[in-house]
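Chemist: Below is a structure I'd like to ask you about.
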Amino acid sequence: MTETVTLSLRTKLFLSFGMAIGITGAMAAGMGLHFISGRIFAEMQGKAMRDMNSAREVYNRAMDDVRNAVRLSSDRFFVKEALLGRNHASAGRQLDKIKQGESLDMLALVGRSGKVVYCAGNAGLRGRSLFENPLIRKALNSGNEAFANLILSQGDLAAFDQALLARAHIRFVPTKMAKATEKTEETSGLVLAAAGPVLDDSGGLLGVLFAGRLLNRNNDIVDKAKKILYGDSQYKGRSAGSVTLFQGDLRIATTVLDERGERAIGTRISQEVADTVLGQGRTYIGRAFVVNDWYLTAYEPIRDALGGIVGILYVGILERPYADLRKEVCTAFLGIVLLGIILVSALSYVLSGVILGPVAKLTAGAVQLGKGDLSYRVEVDRRDELGELARTFNLMADSIHERDEQIRRQAQETIKETERLATIGRLAAGVAHEINTPLGGILVYTHLLLEDTPAGDPRRENLEKVARETERVRDIVKGLLEFARQTEPRIEDADLNELAAKTLDFIGRQILFDDIRVVKEFDPALPLLSMDRDRIRQVLLNVIMNAAEAMEGRGGTLKVSTRSLDGGSRAEISVSDTGCGISPENLQRVFEPFFTTKDVGRGTGLGLAISYGIVKKHGGTIGLKSEPGKGTDVTILLPRDAGARADAPAD
Numbered sequence: 001m002t003e004t005v006t007l008s009l010r011t012k013l014f015l016s017f018g019m020a021i022g023i024t025g026a027m028a029a030g031m032g033l034h035f036i037s038g039r040i041f042a043e044m045q046g047k048a049m050r051d052m053n054s055a056r057e058v059y060n061r062a063m064d065d066v067r068n069a070v071r072l073s074s075d076r077f078f079v080k081e082a083l084l085g086r087n088h089a090s091a092g093r094q095l096d097k098i099k100q101g102e103s104l105d106m107l108a109l110v111g112r113s114g115k116v117v118y119c120a121g122n123a124g125l126r127g128r129s130l131f132e133n134p135l136i137r138k139a140l141n142s143g144n145e146a147f148a149n150l151i152l153s154q155g156d157l158a159a160f161d162q163a164l165l166a167r168a169h170i171r172f173v174p175t176k177m178a179k180a181t182e183k184t185e186e187t188s189g190l191v192l193a194a195a196g197p198v199l200d201d202s203g204g205l206l207g208v209l210f211a212g213r214l215l216n217r218n219n220d221i222v223d224k225a226k227k228i229l230y231g232d233s234q235y236k237g238r239s240a241g242s243v244t245l246f247q248g249d250l251r252i253a254t255t256v257l258d259e260r261g262e263r264a265i266g267t268r269i270s271q272e273v274a275d276t277v278l279g280q281g282r283t284y285i286g287r288a289f290v291v292n293d294w295y296l297t298a299y300e301p302i303r304d305a306l307g308g309i310v311g312i313l314y315v316g317i318l319e320r321p322y323a324d325l326r327k328e329v330c331t332a333f334l335g336i337v338l339l340g341i342i343l344v345s346a347l348s349y350v351l352s353g354v355i356l357g358p359v360a361k362l363t364a365g366a367v368q369l370g371k372g373d374l375s376y377r378v379e380v381d382r383r384d385e386l387g388e389l390a391r392t393f394n395l396m397a398d399s400i401h402e403r404d405e406q407i408r409r410q411a412q413e414t415i416k417e418t419e420r421l422a423t424i425g426r427l428a429a430g431v432a433h434e435i436n437t438p439l440g441g442i443l444v445y446t447h448l449l450l451e452d453t454p455a456g457d458p459r460r461e462n463l464e465k466v467a468r469e470t471e472r473v474r475d476i477v478k479g480l481l482e483f484a485r486q487t488e489p490r491i492e493d494a495d496l497n498e499l500a501a502k503t504l505d506f507i508g509r510q511i512l513f514d515d516i517r518v519v520k521e522f523d524p525a526l527p528l529l530s531m532d533r534d535r536i537r538q539v540l541l542n543v544i545m546n547a548a549e550a551m552e553g554r555g556g557t558l559k560v561s562t563r564s565l566d567g568g569s570r571a572e573i574s575v576s577d578t579g580c581g582i583s584p585e586n587l588q589r590v591f592e593p594f595f596t597t598k599d600v601g602r603g604t605g606l607g608l609a610i611s612y613g614i615v616k617k618h619g620g621t622i623g624l625k626s627e628p629g630k631g632t633d634v635t636i637l638l639p640r641d642a643g644a645r646a647d648a649p650a651d
């Protein structure tokens, strides 16, 4: 058998406070950690982008160095002399010096036909056509400078200098997270190249001077960029940042070191980055795995003269320093949050005890009230919300005491009224039974005498008066019987709107309604009601006739309206007039049997009493609101099902 564990209110309060504090603390910790991580990550991304801008500037300056070498050399006298066929030996020596002084890997003088006049480092190239070189062709055709990143094949590199083949040749090193490939080596090279026109004194094109710098295994650019960006800063024995040049997805120049401490030339870019930069041509900024560690990186495509992607420029910051910083900050933040939770939890435990003292008094008071001791009151010695609660409790006890006395008085009055009505009912039934038989005889014999009395006989008027008064007495007796019997209604589904409309049509033709404007406001959404159609019609007849008689001789408006309440579970029908109204002292007696404010002979005082009984039998309510001189409003509430109750307040 399972035993139920009952927690004290103090424990529940403490647990509630603890849950609230815990949830709040967890949310604060989560949001704080998210914010801290986000700020650190955003700062790293911003730095990576700034570093990329700086590295790009270093790369562009390297291209400018090649362009400047071509621009300055193409206007030299010996270059023009060589293209005019003079002083080849002197021009060759000068070009060799320029190549060495400007750290160029290729330098060639090309005539207007596209054939080599002289190639520094390879005199055997003389006479060979280089017109297929896109920069040389563009410079010859346009007469303007052309520069770009070029991919030169193994043969093109060998034509300029056999030594370039060894530098360009790079074997692929298996790299974690790189895209799978069947390629095992690279023999072509990525070159910074420029071609400038050589003009004679009159501006005519003599030829083109072509220069290039092979980037494969040339670490000048990456070392210079790394020095500018990161200096010699290290973290736990590793360089804090790195710079790399890629040909395609292959590292051809880098400051990244492998496990042996050597430059990681031959390693490849991760597949995720390759898909973004090489596949989509977009800059990649984010976390990436670089050879053997995680970095916050920026990758930017390197394009050739036609816009094709031939390589990638990379900068990266080692993630570990930022990860450790984030860990330290988050740990400190969590410690502060946890300490706050502990302190607030302890305070909440103390406060729960302070709160429960007055609550215990209120509990004792509630127990006493529950036992029937309505004289019990709680001592009030506080001015806060708990003191206000205690005062409210005492007010509630006073109200309950007063309400109890009122209910007791009302119950006594109701019992007296019920006994009085029962006595009246029994008396009415007995009187009606005793009167009804001789009354019938009087009415029959009066009509027989009327048949035997000629029209001009002076006794006929008296006999007609006897017949009328006898019929009035018969109606009174009939009302007495209906009031006394209160038979069960015959229930069937009926349309209250239709019943009200037909009742108005039935009695609306009477002379009484000639000066009365009848207004109908029926709710089309009113559901069918379970009711005794004839009994409810009798109620409507009584109420409508009373309203019309209240406006007799003065005219006015009679308004009959219906509406659906509580989603169709109840229906309301209201009959209002602009008649003489009812005084407050008479308003409380309108449902009493035989009470009437009409002149003698115009009413029995049973209509509303009978209507009250019929509506009650249907589980409904009937109420009146009236103001003397302004009119009366009668409201009847009926349940959709006659067995239900409709005595809840209307909306």
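So for the sequence shown, my numbering puts the first residue at 1; every next one is plus one.
Idealized CB from N, CA, C, for every residue including glycine.
#1: Could you tell me how far apart the beta carbons of G114 and L190 are, in whole angstroms, since I believe they sit closer than 8 angstroms?
#2: I'd like the span of the alpha helix (DSSP H) that includes L545, first residue to last.
#3: What ranges does the beta strand (DSSP E) occupy inside the region 244 to 307, keeping only unbroken runs of at least 3 residues that lie completely in it?
#4: Output yes or no for whether 8 angstroms exceeds the beta carbon distance between L215 and L245.
#5: If you compare alpha carbons, which of G579, T255 and D75 is closest to S202?
#6: Between G456 and N542, how many whole angstroms is the CB-CB distance? I'm expecting something under 8 angstroms.
#7: Straight-line CA distance for Y235 to L150?
#8: Quick check: S576 and G631, are their CB atoms within less than 8 angstroms of each other?
#9: Let me check understanding here. Comparing Cα to Cα, which of A288, R490 and G613 lies closest to A298?
#10: With distances taken Cα to Cα, identify the nearest neighbour of R303 among P197, F147, S561 and R640.
#11: May I have the straight-line CA-CA distance separating L443 from N462, to the nearest angstrom?
#12: Compare the C-alpha of L526 against each of D566, E451 and A366 and name the closest.
#13: Taking A70 and A159 to be in contact with their CB atoms under 8 angstroms, please state how far apart those CB atoms are, rounded to whole angstroms.
#14: Check whether the Cβ of V208 lies closer than 7 angstroms to any heavy atom of the ligand SAM, and answer yes or no.
#15: Distance check for R93 and Q280, CA to CA, integer angstroms please.
#16: Determine the DSSP secondary structure at R645, reduced to helix, strand or coil.
#17: Terminal residues of the continuous beta strand (DSSP E) containing A148?
#18: So what does DSSP say about E492, is it helix, strand or coil?
#19: With a threshold of 6 angstroms on Cβ separation, who are the neighbours of V243 within its own chain once the five nearest residues in sequence on each side are excluded?
#20: Distance, Cα to Cα, E379 vs A411?
#21: How would you write the range of the beta strand (DSSP E) that K520 sits in, first residue to last?
#22: Measure from the alpha carbon of E319 to the alpha carbon of each residue in Q45, E471, P438 and R554, then state which is nearest.
#23: Thinking just about the alpha-carbon of each residue, which of D105, L130, S129 and R128 is nearest to the one in G121?
#24: Taking just the CA atoms, how far does N53 sit from K138?
#25: Hey, would you say D64 sits closer than 8 angstroms to E102, going by beta carbons?
#26: At what residues does the beta strand (DSSP E) containing S576 begin and finish?
#27: Can you tell me whether A646 is buried or exposed, with buried defined as 16 or more other CB within 10 angstroms of its CB?
#28: Our contact map puts Q154 next to S188 with C-beta atoms below 8 angstroms; I'd like the distance itself, whole angstroms only.
#29: Can the beta-carbon of G579 be found closer than 8 angstroms to that of M545?
#30: Which one of K99, A253 and V116 has the shortest CA to CA distance from I170?
#31: How about R640 and R563: do their beta carbons lie closer than 8 angstroms?
#32: Just verifying my parser: in three-state terms, what is the DSSP assignment at K559?
#33: Compute the beta-carbon to beta-carbon distance between G143 and L205, rounded to the nearest angstrom, for a pair I have assumed lies under 8 angstroms.
#34: Using a Cβ-Cβ cutoff of less than 7 angstroms, which residues in the same chain neighbour F78 once the five nearest sequence positions on both sides are dropped?
#35: DSSP beta-bridge partners for I622?
#36: In terms of alpha-carbon separation, which member of G248, Q247 and A240 lies closest to L257?
Modeler: Based on what the coordinates show:
#1: So it is not a contact: roughly 23 angstroms between Cβ atoms.
#2: Checking the sequence, you will find Met at residue 545 rather than Leu. Its alpha helix (DSSP H) spans residues R533 to A550.
#3: 250 to 254, 284 to 290 and 293 to 303
#4: yes
#5: D75
#6: At roughly 40 angstroms, the Cβ-Cβ gap does not stay under 8 angstroms, so G456 and N542 are not in contact.
#7: 37 angstroms
#8: Contact flag set, yes.
#9: A288
#10: Measuring from the Cα of R303, the nearest candidate turns out to be F147.
#11: Straight-line measurement puts the Cα of N462 at about 13 angstroms from the Cα of L443.
#12: In terms of Cα proximity to L526, the closest of D566, E451 and A366 is D566.
#13: As written in the sequence, residue 70 is Val, which differs from the Ala given in the question. Contact flag wrong, Cβ pair sits at about 18 angstroms.
#14: Among the components modelled here there is no ligand, and therefore nothing to report on the ligand SAM.
#15: 46 angstroms
#16: Note that R645 scores a pLDDT of 49, beneath 50, so its modelled location is shaky; the value from the coordinates is reported in the next line. In this structure, DSSP gives R645 a state outside helix and strand, which the three-state scheme calls coil.
#17: A146 to L152
#18: strand
#19: Within the same chain, V243 has close Cβ partners A55, V222, A225, K226, T255 and V315.
#20: 33 angstroms
#21: For K520, the enclosing beta strand (DSSP E) covers residues I516 to E521.
#22: Of Q45, E471, P438 and R554, the residue nearest in Cα terms is Q45.
#23: D105
#24: 29 angstroms
#25: no
#26: For S576, the enclosing beta strand (DSSP E) has its first and last residue at R570 to D577.
#27: Only weak support exists for where A646 lies, its pLDDT of 48 falling under 50; the value from the coordinates is given anyway. When all chains shown are included, A646 counts as buried.
#28: 6 angstroms
#29: no
#30: A253
#31: no
#32: strand
#33: 5 angstroms
#34: N87, S90, A91 and Q94
#35: I636
#36: A240
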